[in-house]
Every structure is written in structure tokens, then in C-alpha cells.
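See below for the structure under consideration.
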Amino acid sequence: MQNPIIDFSNFSFQYRAQSNPTLIDINLKINSGEKIIIAGPSGSGKSTLGYCINGLIPHFYKGNISGNLWIEGQNAANLKIFDISKFVGTVLQDSDGQFVAQTVGDDIAFALENDAIDQKEMISRVEKTSRLVDIHTHLGSTPKELSGGQKQRVSLAGVLIDQVNILLFDEPLANLDPATGRYAMELIDDLAKNTGATVIIIEHRLEDVLWRPMDRIVLMGEGRIVADTTPDKILTSGLLGKFGIREPLYVTALKYAGIKITEEMHPSDVSLMNMDTITKPLQHWYEQTVENESNLSSNSVLSFSDVCFSYSAERVVLDNISFKICEGEMTAIVGKNGAGKSTLCKLICGFEKPDKGTIALFGKDMSHVSIRERADCVGLVMQNPNQMISQVMIRDEVGLGLKLRDIPQKEISERVEDTLRICGLYPYRNWPISALSYGQKKRVTIASILVMEPQIILLDEPTAGQDLRHYTEIMEFLQMLQKRGKTILLITHDMHLILEYTQRAIVLADGKLICDNHPAKVLTDDRVIKLANLKETSLFSLAKNAAISDPFEFVKKFISFDREARQTCQQ
Amino acid sequence: MSTVKMLSYIKRDSPVHRLNGVTKLITFLAWTVVCMLSYDTRVLLTAMVFSLIIFKLAKIHLNEVGFILIFICFFLLLNDAAIYIFSPEEGVKIYGARHLIFQISDRYTVTQEQLFYLFNVTLKYLTVVPIALLFLLTTDPSEFAASLTGIRVPYKISYAVSITLRYIADIQTDFHNISQAQQARGVDLSKKTSLKKRISGIAIIAVPLIFSSLDRIDLISNAMDLRGFGKKEKRTWYSARPFQKADYCVITAVVILSIIGLLITFLDGQRFFNPFIS
Chain A
3 MQNPIIDFSN FSFQYRAQSN PTLIDINLKI NSGEKIIIAG PSGSGKSTLG
53 YCINGLIPHF YKGNISGNLW IEGQNAANLK IFDISKFVGT VLQDSDGQFV
103 AQTVGDDIAF ALENDAIDQK EMISRVEKTS RLVDIHTHLG STPKELSGGQ
153 KQRVSLAGVL IDQVNILLFD EPLANLDPAT GRYAMELIDD LAKNTGATVI
203 IIEHRLEDVL WRPMDRIVLM GEGRIVADTT PDKILTSGLL GKFGIREPLY
253 VTALKYAGIK ITEEMHPSDV SLMNMDTITK PLQHWYEQTV ENESNLSSNS
303 VLSFSDVCFS YSAERVVLDN ISFKICEGEM TAIVGKNGAG KSTLCKLICG
353 FEKPDKGTIA LFGKDMSHVS IRERADCVGL VMQNPNQMIS QVMIRDEVGL
403 GLKLRDIPQK EISERVEDTL RICGLYPYRN WPISALSYGQ KKRVTIASIL
453 VMEPQIILLD EPTAGQDLRH YTEIMEFLQM LQKRGKTILL ITHDMHLILE
503 YTQRAIVLAD GKLICDNHPA KVLTDDRVIK LANLKETSLF SLAKNAAISD
553 PFEFVKKFIS FDREARQTCQ Q
Chain B
87 MSTVKMLSYI KRDSPVHRLN GVTKLITFLA WTVVCMLSYD TRVLLTAMVF
137 SLIIFKLAKI HLNEVGFILI FICFFLLLND AAIYIFSPEE GVKIYGARHL
187 IFQISDRYTV TQEQLFYLFN VTLKYLTVVP IALLFLLTTD PSEFAASLTG
237 IRVPYKISYA VSITLRYIAD IQTDFHNISQ AQQARGVDLS KKTSLKKRIS
287 GIAIIAVPLI FSSLDRIDLI SNAMDLRGFG KKEKRTWYSA RPFQKADYCV
337 ITAVVILSII GLLITFLDGQ RFFNPFIS
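Just so you know, the protein sequences line up as chains A and B, in that order.
Each residue of the first sequence is one higher than the one before, counting from 3 in our numbering.
Each residue of the second sequence is one higher than the one before, counting from 87 in our numbering.
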């Protein structure tokens, strides 16, 4: 048996500012060349475990350590963060924030510069490493000129240049569109094969990570390791749901069909799954299930007709966009980064004016209505709650919009309290915002928009970076608002979200609206998937493998069945 | 947003672009020192002619800096007006002569000396501004940090400057987005509202901007630590440019010209060229 490259033994860690340890009695051995997923909900300690491996603990985050951690046979307690960076390369979640220098070449060379390596050697090593991740044609580009996937490749090159043996990825898929995420997993897998590096991925999007085979999954819960086993075993264990990790959709589908999942089926890969015992019961379920048609009103509340927009003459951002949003719908706007999704939002809110075409709210042309007046019927919730919160107390933050509209204090209090009740924040009304969790802060920002009683609520990536529990919390809350008659429009990269909650998806690609249809249709249409960097839902592959006559119908039935199942589950 | 773009590096191939960042920084500093010290019209005029020639050499077009030039000219005129209002006889004091052209009131006279003085002040700025602009527009920001280290600024400080340059654009985008979202909530920054409301409106935008920028700083310092920033006393630069013959020539020329300029300025005992008393 070889020596493990990373070895935690009876390891515990407690942050200085916290009263309880974040990691408790960790025993984990990782061998050279292994590919490991560390999964777990927020607060489970998975990121902290990563910080211990790359040396941010104890160098940057202070606290109490007990037990031992050995990295490449050396006691981590005796290593400086600079020593560790020689064998552990970390790729952070936010590849934009990790981009330290001005251009791609400079950024890749950053570690070498710090090592005072000779310029000539640097140039040749940057050239070589950038070829490895296929970014060598962009060495002079600035971060602004790159797509999300390209930025991630730059981050990768920036750590690979040190010839590290261990690659640590902190939620590598969080900021990528589905197709780019897939490509990232392929790249990571190929790199591991070519360099023999050990790969550790901290991620809770299991289905996406499993796009390429992984050796082990380490499941964390409340600071402890609750499972450390193969992907196949963990998918059959039933532990995932218990610890707030979403199981792959096709696994859920199998469960709905009453199929018992076993390790022999090889459930970690939908395309290689053994279908012998699956096909029949799945077909049976498909024939039995009836789809529930949902009734929606056809009152248009927002309409775009032939809207064009561009920031400069060279590039058209939105090209002849026309669509209609009906009252009480939840609609997703999807498409790759830079497709024009955010610009579309800005036009709706009146931050930008269309060059051509009309935008109408409740049938009324909006071209001469100011931002502030529009805000009475459309509210925008930004992605990062820190970008909106300006007050110290929850009550003040939620009431801010009303105060600025010179509404009498008494009415403000009443409306704020009502809104806080709806949002489940009433018990905290007198708390400072800093005491809230990220998910709760998000709720505060939604509440601060809701209080102005807009008919339409616009959300930019409402669930980005959230674990399953927070995701469900936010989405159920939005669904509740929808049931109260609000119209909800959201920008998202999350294909699960589209399938689970929305009635429609509007797909943008390179400024054009290429599809406006039921989510099942969008996620099974090859052309749309390709153009918009989406990815085919695994349900579709499952249905095809099970020889189901109409895979699209299958996906639709699954969605309807799933929504009902979750509803009964809640009641 | 477009103003910032105007003040950032423009990639182009010209003799000025090809110079080392250190050379450009030294030229810029020497130029500024000489032009700020000197009120000698002969020196300033020569410097201005040179700066226009260099501008031409750098292949920077007027329309790329047009807005900022108008902006600067406006402040120059404002400056001239202020000097006149507060000290209408400054020129008379300096040049020790008085050639009255006409009189507006008891206090406000218009003299040849005052006009000549104002002309010199304007000239001063008109020689420095093009060179400052050129320095910003022709120096690759990633080479900028390397240049600072080249003149013995500790690398941690020069990198901080470079990172600031890198993030200015991002923070501006943040500011833009935050301000729009807060305007939708009712923040009014237009002139229609009272000053007090406008100030509180700015706070409503500034607080989230500061907090989201702090998030960024946390992230970037982690990212830098993880890649070994600050490990060694010394640091090399990927995009540093080696000194070339042209650099040595330019620096030598700049040093000689600066000395000549200062000699001409101070040889007659004062900073001003005086055509009124011979």
C-alpha cells in the first residue's frame, strides 16, 4: 500500500471566533492520483477542509487545531503557506476574483514572478502551460475580454505552472453555464490523466461533477465525514438527501418509478447504466403517469416587441427581441454569459433604453416612464445581497424604498411588518442584518423589493452558490409569491431550477431569442442546447436508453409528477 | 464609464509605446518638475512644441482624448478666472511694471503683465497635460508595476498600485449597477432634490459598494497568498521590458534638456521671464 499524499488523522479545527469546532475528528487518507469529490451542505465544513489542505488554515484563518495533517509526508503544522503552494494548487470558485494580474500571460506567470524566476524561463513556461489548457492564443487578453470558461482555464494554468501534484477546486462549476461546466470537468479529468495529479473537488452539484468518472465521494455533515465511498455506493445509500445533497435527476426518476437502485446498475453514469432491470418498470411508469396541465392566465403583464439594443455600434446586444410574459407566471431567462440576459433586465427596469421597438408593462408603452415610476410595477433583486443592503437594521432596509417615496411612517411600519411576515423574517425584525445568514440576507433583499408591491419581480441568479437547502428555501418562497399572484422572472444557469419551478424558459444566444417554450422542450432540443451552452437533461438520456417512445413527453411527465410529489411532501 | 476608458491604456505600435515604462515614468516626472518650477515662457513654449511632436509620434488621435481635453481646458479657464478675481494685479507684482490696457473698476484692471502671467500659467498646464495623458495612454498597466519597481519602489507597493488599476473598471461597473438598482428603489440623485437627500442617497449607494468591494479584497488577498505573493525579498516581472538603446537615448536627452530648461529659468535669478523690464 502506498503512502497517502494527504492524511488527516483525528483532525479537528475550531475558528477563533466560533464557539464550536467546524471540523470534528476527521480521518481521511487521499492517495496520489485519486479523484475525490468533497460534498456537503453549507456549514458542513467542506470548505474548511479545503482551507486546511491549501494552508489558508492556519495561515489566514486562525483557530485551534488538534490532531495531525500530513501533506506529501510532511507535517502541515510545520509548513508555511508558500511551501504548501508548491504542491497544492487551488482554483477558487470565483475565477474573476482569482484573476490577479492585468492580462492572461501575467496572471499565469504570477506564481513564477513571486519566486523571482528569470524572465526568459517564465515566458517559455507560460507558453507551455497555456497550451496545456488551450488558452495560449489569448496571452495578451484582459479578464474583460474572456468568457467564464476561459477565465477558469487561466486560473488552472496559474496553478499548474508550479507543477503541483495536488489540484484543489473550490466549487468549480458555480459560475459556469451548463455546457462550460461540462467542458471544465472534461478538462480537469484530462489534466489528471496527463499529469497524474491528485484532484480534489469541493462541490455539491453531484450530477454535474459525475460527468466524468470520479474515484470517491467524501460526504460531510456537521463537521464530520459521514460517508467516504464510491459514487455508485453513495447513490444507492440514501444518504445524499439526508445530508442536503441533490441526487442526480435520473436517480429521482428511477425512484418515482419504484425501481430499487443497486450498485450493480452502475448508477453514477447515466449513459453506462445497466438498463436490464430498469427499462420495463420505467416504461410502465411512463404509461401510467398522467401529466397535470397547469392553468395559467393569458393576461399579458410585460411585452417586448422587436426590441433592439446595443452599447456601441460594433456589437448588437439584443436583436429584435419579442416576447410576452403573462400574469402569475414564473419564467426563466437562460443563455450563456454575455448573451444579453442582464441587458434584458436593465431594459425592463428602464436603466437602459431600447434603440428600437417597444417595451410595454400592462399594455402601456414604457418609453417615457422613469426608472423610479417603473419600479412601482417591476422590482429588481440583484444577485449578491451585499450589492443592495445599505442599512444596519432589517426593518430599515426593508422600509427604505417606502421612506424614499415619502410614505408616512405609520404606513411604512405596517407594510414592512406585513412583508416581513410573508417572508418569514418577522421574528428577526429588530435584528441587525449582519447577524443573518446569506440565504436570509437574500430574503431581506427580496422583502425590500416586495414591500413596494411590484407586480413583477425580476431576480438575477437568485440561487447562485446556494446549497440544496437554501436553494429550496428561496425557490419555495418565490413559488409562494407566485401563488399570491406575482409574476416572477429569473435569470439562471441552473437547469434543475428551470425544470423544477418554471413554466417557461426564454433562451437567448448572441443577442437573439432562439427559443421561448416549456422547460422540457428547451432542455431536449439539440439545436437550442448547442446554441445557448445549455445541456441536455439526464432524464432525456435515461428515457432514450429505456427505449421510451417519446422522451420529451417523459421529461414533461417527470416534471409534473415531481412538482406534485414535492408538494405533498411539504404538506 | 467612457471617461475611464479614455484614460486607460491604448494598445498600438509606436515609438512611444515601445519605450520602457521606466523611461516614460522618468520623462513624465522630469517634465512635470521642470514645467511646474519654470515660468519662463521660452522654456514652456519649447516644451509645448516637444510635447505636441511626441503626441503625434505616439499615434494617439485627438478624438480619443477629446473629452478629457475639453474637461481640462474648462478647468484651466476656471483657474485663470479665479486667479484674476482674487488677484487682478498679480502680474504687476511679479514683473514690477504696469502697462494698463483698460480698467473695469477700481480693483479690476487689465494689464499686459496680468495677461502675460495668465498666459504663462495656462501654458504650464498645456505642456504637462499632454505628457501626463501620454504616459497613461501608452504604458501597459501590467508593465507599470514593473516600471515602478524599476525606480526602486518596493514591489508590494507597486503591485498594490497595479491591482488598483486592475480593479478600477470592476468597481465602476459595480457602482453603475448598484446605483441603478438603488435608483429603482427611489434614491434620487438629480438636482431636483435637496442637498440633504442627495447626500443620504449617495450613502445608500456607497455602503453596498464598500461592502461588495471588501468581499473582493478578501478574495484577492487569499488568491495572492495561495500563489506565493510576498514570499521573497525580490520579485521578477513577466512583462518587464529590457532597456533598449532608445531608452538610454531618451533618458539622456530628457536629463540634458531638463538641466538646460532649469538653467535658463533660474540663471537670471528668478523663475519668470520678464519682457517688460530689460
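Idealized CB from N, CA, C, for every residue including glycine.
Just so it is clear, the structure is predicted and the values come from calculations on it, not from any experiment.
Here DSSP, grouped into helix, strand and coil, assigns A/C517 to strand. Per DSSP, reduced to three states, the secondary structure at A/M482 is helical.
A/K31 and A/I8 have their C-alpha atoms spaced approximately 6 Å apart. Residue ranges of uninterrupted alpha helix (DSSP H) with 4 or more members, entirely inside the segment 149-195 of chain A and ordered along the chain, are 150-162. Residue nearest to B/A231 within the set B/L204, B/T322, B/I291 is B/T322 (criterion: CA-CA distance). Here A/L480 really is in contact with A/I490; their C-beta atoms are around 6 Å apart, less than 8 Å. Listed in chain order, the beta strand (DSSP E) elements of length 3 or more contained wholly in the segment 501-553 of chain A are 506-511, 514-519.
Across the segment 116-133 of chain A, CB contacts with chain B closer than 8 Å involve N116, D117, A118, I119, D120, Q121, M124, I125, V128, in sequence order along the chain.
Counting only residues of its own chain and dropping the five nearest sequence neighbours on each side, A/I414 has a CB closer than 8 Å to the CB of G401, L404, K405. Residue environment for A/G198: exposed (fewer than 16 other C-beta atoms within 10 angstroms of its C-beta).
Judged by DSSP secondary structure, A/S307 falls within the beta strand (DSSP E) whose first and last residues are 302-311. The C-beta of A/E538 has 16 or more other C-beta atoms within 10 Å across all chains shown, which makes the residue buried. For the pair of segments examined, the segment 63-76 of chain A was found not to touch the segment 217-229 of chain A: the number of CB pairs separated by less than 8 Å stays below three. Using a C-beta cut-off of 8 Å, the segment 240-256 of chain B makes no contact with the segment 110-123 of chain B, since fewer than three inter-stretch Cβ pairs fall below that distance. At a C-beta separation below 8 Å, B/Q330 has no neighbours in chain A, since its nearest C-beta there lies roughly 15 Å away. Taking a Cβ-Cβ threshold of 9 Å, the residues of chain B close to A/I391 are V293, P294, F297, in chain order. Contact note: B/G314 reaches chain A through F84, S87, A113, N116, D117, using a C-beta cutoff of 7 Å and chain order. Not flagged as an interface residue toward chain B: A/M275, since no C-beta distance is shorter than 8 Å. The C-alpha of A/S300 lies about 10 Å from the C-alpha of A/E331. In this structure A/D496 is buried. Its beta-carbon is surrounded by 16 or more other beta-carbon atoms within 10 angstroms. Excluding the 5 residues flanking it on each side, B/N106 has same chain C-beta neighbours closer than 6 Å at R327, F329, D333, in chain order.
Counting only Cβ-Cβ distances below 9 Å, B/R252 has contacts in chain A at F101, V102, A103, Q104, T144, P145, in chain order. Remark: C-beta atoms of A/T264 and A/A548 do not approach each other more closely than 8 Å.
Look at A/Y17 here: in three-state DSSP terms it is strand. Looking at the backbone, the Cα of A/G513 and that of B/T118 are separated by about 48 Å. Counting along the chain, the unbroken beta strand (DSSP E) around A/R226 starts and ends at 226-231. Under the rule that a run must span 3 or more residues, no beta strand (DSSP E) segment is found entirely inside the segment 222-290 of chain B. Linking A/G57 to A/S87 through their CA atoms gives a straight-line distance of about 8 Å. The DSSP-derived three-state label of A/P434 is strand. Counting only unbroken stretches of 4 or more residues, the alpha helix (DSSP H) elements lying wholly within the segment 214-292 of chain A are 233-239, 241-244, 251-258, 281-290, in sequence order. Within the same chain, and ignoring the five residues on either side of A/R565 in sequence, no residue has its Cβ closer than 6 Å to its Cβ.
In the three-state scheme derived from DSSP, where H, G and I count as helix and E and B as strand, B/L349 is classed as helix. Proximity of B/G107 to chain A, defined by a Cβ-Cβ separation below 8 Å, is not satisfied. Runs of the alpha helix (DSSP H) lying entirely within the segment 406-457 of chain A, each at least 4 residues long, are 411-424, 440-452 in chain order.
For the 8 Å CB-CB criterion, A/D308 and A/K343 do not form a contact. By the neighbour-count criterion, in which 16 or more other beta carbons inside 10 Å mark a residue as buried, A/G47 falls on the buried side.
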